[in-house]
Amino acid sequence: MDLSTIKKRLEVTNSYTKLEDFVADFRLIFQNCAEFNEVRCFYLPDSEVADAGMKLEAYFEELLSNLYPERKFPVQPSCQSEKDNPELTDDSDDDFVQPRKKRLKGEDRQLLK
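Under full-length UniProt numbering, the first residue of the sequence shown carries the number 1, and numbering increases by one thereafter.
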């Protein structure tokens with residue numbers, strides 16, 4: 001999900017029939033940002049993009065509560081613990097890929113040697 005997809009859906013008549021669907025799509029953008037831009041559990045950003053995404057999410061939630069103070073939109077948890085994820089095992093570190101930011105630092109060190 002991205003902003004251009006939401007824009008297209010808004011331009012098409014009757015694409016969003018419920019406000020909850022719009023809010024869910026917007027929140028999906030923030031979840032994707034967190035997942036793919038180095039946001040760890042408990043919302044700790046590890047990159048500038050992750051930090052910007054978190055700030056935009058906070059702004060969106062603030063606007064949402066100001067526009068619709070009487071409505072509550074359920075928030076789905078975006079951070080899963082290791083024991084809740086059956087795909088994670090003790091040997092899952094074997095196929096772990098370092099985030100791009102950290103990978104480049106290691107490659108730069110090798111070039112200096």
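Beta carbons: idealized from backbone N, C-alpha and C, even for Gly.
{"Query": "Option in 33, 65, 66, 39 with minimal Cα separation from residue 3", "Result": "33"}
{"Query": "Other residues of its chain near residue 1: CB distance less than 6 angstroms, five sequence neighbours each side excluded", "Result": "25, 28, 29"}
{"Query": "CA-to-CA distance, residue 70 to residue 31, given in whole angstroms", "Result": "25 angstroms"}
{"Query": "Cα-Cα separation between residue 63 and residue 23, rounded to whole angstroms", "Result": "11 angstroms"}
{"Query": "Residues bridged to residue 39 (per DSSP)", "Result": "45"}
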